[in-house]
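For the sequence shown, the working numbering begins at 345 and goes up steadily by one.
Report on the structure given below.
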Amino acid sequence: MSRGLRTLPVVSGIVRTVRAALEVDYRWGTGFCIPAVVALLLAGPAPVRSEPAPQVEVAEQEEQEETGQALPYEPTSNYEPRTIRGWTVLVHKSLLEEHAELGQKVLELIDFQLYQITRVVPKPALEKLQQIPIWVEYADPRHPCACYHVSRSWLRANGFNPEKAGSVEIANSRRFLEWTRDQPWMLLHELAHGYHHQFLGGYDNPEIAATWKAAVDAGLYDEVLHCRGSRRPAYAKNNPQEYFAELSEAWFGVNDFYPFVRAEVMEHDPRGAELLRRLWGQ
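Okay, structure coming up:
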């Protein structure tokens, strides 16, 4: 969901704490809406972190049933579709009008990140990634930065456009520009969630789950180096989805947690490296 928290370290710390405590993720959703939980927690004092934390994605319950009347949402007509490097990118019209300067910068960065992806991802997998649309918002206060949406019913029930299901969303353009300084492969992270969900048998993929569990049991991600110089639990430790997305960043580009690049994945987590090699078609 799956990137980076750059300018809201308090929010990032709270959300990651909530996710870890509740073991909330796309597959094992508990019905909690993470932005709502964050809002409640922010009512009280919280320590300010000196370093930014990695991405936070909104937890969604994949098979959540709709109850009651759907909340109103931003219609698709408020977005302008663009084609960038083979992807459909739906840009909120405010980024082309009153926030045009910001919109231009964001679209340039999206183009650059997608260009990088086209250079390194094998063609069969790349063609699948290009089937995953990308939505770009000016600033949606319900999301910190970027996420991948799983559930149409969850979106509808929570006041989001249900057409975003199966898509990546950049929910805050300014933070996307800021946080990608430390996480330059953020779009690949979120697209990797979509690849996992749509093309690898879903988030119940037993091979990814088993490889993640073996790595966690071996303590490989208990305390690793972060790009800002501190040591902390790796974001890949959270669940199989984040494990696959984080290692995919390192495999094709650079991650903000160790292992940072492909050679380090191969040395630190050889079973994970072999998994990536096969699932990405290399």
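Note that CB positions come from ideal geometry on N, CA and C, so glycine has one too.
Option in the options with minimal Cα separation from residue i
| i | options | result |
| --- | --- | --- |
| residue 415 | 518, 502, 477 | 502 |
| residue 598 | 575, 560, 619, 457 | 457 |
| residue 577 | 616, 567, 559 | 567 |
| residue 588 | 467, 421, 464, 613 | 613 |
| residue 447 | 424, 526, 432 | 424 |
| residue 586 | 575, 616, 626 | 616 |
| residue 608 | 561, 594, 524, 510 | 594 |
| residue 561 | 626, 580, 590 | 580 |
| residue 430 | 548, 550, 470 | 470 |
| residue 650 | 565, 555, 575, 600 | The structure shown does not extend to residue 650, since the chain is modelled only from 345 to 626, so the question has no answer here. |
| residue 427 | 445, 475, 418, 420 | 475 |
| residue 605 | 623, 622, 569 | 569 |
| residue 623 | 522, 468, 525 | 468 |
| residue 417 | 441, 432, 497 | 497 |
| residue 621 | 548, 464, 522 | 464 |
| residue 596 | 557, 547, 529, 565 | 529 |
8 Å contact criterion, which residue i and residue j should meet: CB distance rounded
| i | j | result |
| --- | --- | --- |
| residue 592 | residue 532 | 6 Å |
| residue 477 | residue 434 | 6 Å |
| residue 514 | residue 490 | 5 Å |
| residue 545 | residue 492 | Residue 545 to residue 492, Cβ: 16 Å. No contact. |
| residue 466 | residue 625 | 4 Å |
| residue 450 | residue 520 | 6 Å |
| residue 534 | residue 619 | 19 Å between Cβ atoms; not a contact. |
C-beta contact flag for residue i and residue j at 8 Å
| i | j | result |
| --- | --- | --- |
| residue 499 | residue 506 | yes |
| residue 480 | residue 517 | yes |
| residue 443 | residue 482 | yes |
| residue 461 | residue 473 | yes |
Cβ neighbour criterion (16 or more within 10 Å) applied to residue i
| i | result |
| --- | --- |
| residue 459 | exposed |
| residue 389 | Bear in mind that a pLDDT of 33 at residue 389, under 50, signals an unreliable position, so the model cannot answer this. |
| residue 495 | buried |
| residue 572 | exposed |
| residue 611 | exposed |
| residue 422 | exposed |
| residue 603 | buried |
| residue 527 | buried |
| residue 511 | buried |
| residue 559 | buried |
| residue 508 | buried |
| residue 600 | buried |
| residue 452 | exposed |
| residue 445 | exposed |
| residue 574 | exposed |
| residue 367 | Caution applies to residue 367, whose pLDDT of 32 falls short of 50 and renders its modelled position unreliable; the value that the coordinates give is listed next. Residue 367 comes out exposed. |
| residue 590 | buried |
| residue 524 | buried |
| residue 394 | For residue 394, the pLDDT reaches just 31, beneath the cut-off of 50, and the residue's location in the model is therefore unreliable, leaving the point undetermined. |
Proximity test, Cβ basis, 8 Å: residue i and chain D
| i | result |
| --- | --- |
| residue 511 | Structure shown: chain D not included; a single protein chain is present. |
Those runs of the beta strand (DSSP E) which lie wholly inside the stretch 466 to 540 and span at least 3 residues:
478 to 480, 490 to 492, 512 to 514
Within the stretch 547 to 614, note down every full alpha helix (DSSP H) run reaching 4 residues or more, in order along the chain.
550 to 561, 584 to 596, 606 to 612
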